[in-house]
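J.: Okay, here's the structure, questions in a sec.
Numbering (full-length UniProt numbering), first residue to last: 1 to 373.
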């Protein structure tokens with residue numbers, strides 16, 4: 001396996017588009033339940049914890065970009081081989097591919113559950129799963145530039161949902177945010193960990209980096225994308241806290257969708273139907289990027305075409321959807337992937353970047369000693 005990738009010029013995209021990639025892949029099905037999940041751990045300080053989680057993500061993104069800059073144009077799989085060797089590196093990469101496939105599976109299954117609860121209670125799971133997977137396969141077949149276009153359209157096409165979320169503020173009670181900073185460090189760290197499912201996705205920068213034209217600007221634009229996500233999540237959590245009473249936020253499953261129930265438009269009583277339908281545009285970049293990254297690893301490690309990997313992963317994910325039949329089963333899978341995501345997205349890249357930096361530093365020092373001798 002080659003450490004550095006040198007894609008054709010036609011496959012490269014401008015660095016500023018990383019803003020849309022990072023934001024679109026972070027915002028997905030997790031945001032609809034994020035306020036409740038964090039609130040259960042940190043109560044009234046949930047919005048502050050979400051903000052700190054965004055700041056932590058910004059720091060981790062800095063580690064990732066610094067690691068990627070140690071190479072000419074390497075991706076995550078190439079770095080693994082360079083640092084750990086062929087066998088161990090490929091073994092670790094294969095484990096990460098399983099994590100990426102699991103994220104792909106959890107995203108479309110959770111969205112399917114939302115659609116079944118709010119719009120079509122009798123809709124068979126496999127039908128919507130089949131449609132979502134087919135859409136993702138079609139987009140990924142088009143290549144990375146098509147996926148970037150999907151991410152751009154997703155962000156631009158769903159910005160209006162953020163504005164709609166200001167409607168619940170008419171019924172808000174701002175005393176619900178008190179007392180402020182009343183949570184200890186232990187619960188704050190637990191709250192940050194609970195945000196992992198909602199905010200993860202930024203780790204995919206390690207896979208798309210070789211396809212960026214102006215690599216020296218990558219850090220700026222990924223930070224802007226993460227800043228937009230942090231602002232969105234903090235705002236959503238804050239509005240949820242001041243809108244719901246304490247007991248109310250603890251009992252609802254998807255507080256963001258529940259808040260949208262109060263929105264009324266002429267000739268449209270159930271606005272949440274529109275929001276849930278548009279949410280497919282929100283999760284589509286998630287599906288495409290996770291499928292693309294995992295299939296890219298398939299082609300890099302097993303030496304087969306990426307298109308073959310796309311179909312194999314899609315078929316495996318679709319087949320797995322038949323084994324999850326109850327809500328508690330989906331909750332177990334989601335919690336497991338969220339815990340894995342905390343280590344795979346937040347912890348492991350930092351450790352790997354430190355190892356890469358030390359390896360490169362020792363190599364430069366050894367080279368300088370040889371020249372001086």
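All C-beta atoms in this analysis are idealised placements derived from N, C-alpha and C, irrespective of residue type, glycine included.
What number of angstroms, rounded off, separates the C-alpha of residue 131 from the C-alpha of residue 340?
T.: 27 Å
J.: Residues in its own chain within less than 7 Å of residue 359 by CB, not counting five upstream and five downstream?
T.: 83
J.: For the structure I just gave you, are there three or more beta carbon pairs, one from the stretch 223 to 240 and one from the stretch 47 to 55, closer than 8 Å?
T.: The stretch 223 to 240, when compared against the stretch 47 to 55, does touch it at the 8 Å Cβ threshold.
J.: Are the Cβ atoms of residue 60 and residue 350 separated by less than 8 Å?
T.: yes
J.: According to DSSP, simplified to helix, strand and coil, what is residue 265?
T.: strand
J.: Alpha carbon to alpha carbon, how far is residue 284 from residue 2?
T.: 30 Å
J.: Would you list the residues sitting across from residue 212 in a DSSP beta bridge?
T.: Residue 212 is bridged to 13.
J.: Residues in the same chain with beta-carbon distance under 8 Å from residue 118, minus the five sequence neighbours each way, listed in chain order, please.
T.: 257, 272, 273, 276
J.: CA-CA distance, residue 91 and residue 247?
T.: 46 Å
J.: For the stretch 139 to 158 and the stretch 18 to 32, state whether three or more C-beta atom pairs, one from each stretch, are separated by less than 8 Å.
T.: In this structure the stretch 139 to 158 lies against the stretch 18 to 32, because at least three pairs of beta carbons, one per stretch, are closer than 8 Å.
J.: Cα separation between residue 363 and residue 76?
T.: 20 Å
J.: By DSSP, does residue 344 sit in helix, in strand, or in coil?
T.: Three-state result, residue 344: helix.
J.: In angstroms with no decimal places, state the Cα-to-Cα distance between residue 354 and residue 65.
T.: 12 Å
J.: What's the gap between the Cα of residue 124 and the Cα of residue 226?
T.: 35 Å
J.: Near residue 218, which residues of its chain fall below 8 Å by C-beta distance, leaving aside the five closest residues on each side in sequence?
T.: 15, 18, 65, 68, 205, 209, 212
J.: Report the rounded CA-to-CA distance for residue 122 versus residue 159, giving the unit in angstroms.
T.: 30 Å
J.: Tell me the residue span of the alpha helix (DSSP H) that contains residue 108.
T.: 86 to 118
J.: Would you give the residue range spanned by the alpha helix (DSSP H) that residue 38 belongs to?
T.: 34 to 42
J.: Given residue 222, which residues of its chain have a CB within under 6 Å of its CB, disregarding the five upstream and five downstream residues?
T.: 18, 22, 61, 205
J.: Taking only three categories from DSSP, how would you classify residue 4?
T.: strand
J.: I believe residue 177 touches residue 233 by the beta-carbon criterion, under 8 Å. Please report the beta-carbon distance rounded to the nearest angstrom.
T.: Rounded, the Cβ-Cβ distance is 16 Å, inconsistent with contact.
J.: If we count Cβ pairs, one from each stretch, closer than 8 Å, do we get three or more for the stretch 308 to 318 versus the stretch 95 to 111?
T.: yes
J.: Let me confirm a value: residue 231 is counted as buried when at least 16 other C-beta atoms fall within 10 Å, else exposed. Which label applies?
T.: So residue 231 counts as exposed.
J.: Got a sec, what are the start and stop residues for the alpha helix (DSSP H) residue 191 sits in?
T.: 185 to 194
J.: Which whole-angstrom value describes the C-beta separation of residue 194 and residue 9, a residue pair presumed to lie in contact below a C-beta threshold of 8 Å?
T.: Not really, about 43 Å apart at Cβ, beyond 8 Å.
J.: Please tell me whether residue 164 and residue 260 are closer than 8 Å, where the distance is taken between their beta carbons.
T.: yes
J.: Keeping to the same chain, check which residues put their C-beta closer than 6 Å to that of residue 70; ignore five residues upstream and five downstream.
T.: 356, 360
J.: Who are the Cβ neighbours of residue 278 in its own chain at under 7 Å, not counting the five residues just before and after it?
T.: 158, 161
J.: Nearest by alpha-carbon distance to residue 252: which of 25, 5, 167, 39 is it?
T.: With distances taken between Cα atoms, residue 252 lies closest to 39.
J.: In the DSSP assignment, find the alpha helix (DSSP H) that holds residue 28 and state where it starts and stops.
T.: First-last for residue 28: undefined, no H or E at that position.
J.: Going by DSSP in three states, residue 338 sits in which element: helix, strand or coil?
T.: Residue 338 falls in the helix class under three-state DSSP.
J.: Find the nearest neighbour of residue 36 within the set 320, 249, 292, 290, judged by alpha-carbon distance.
T.: Selected option, being the one with the closest Cα: 249.
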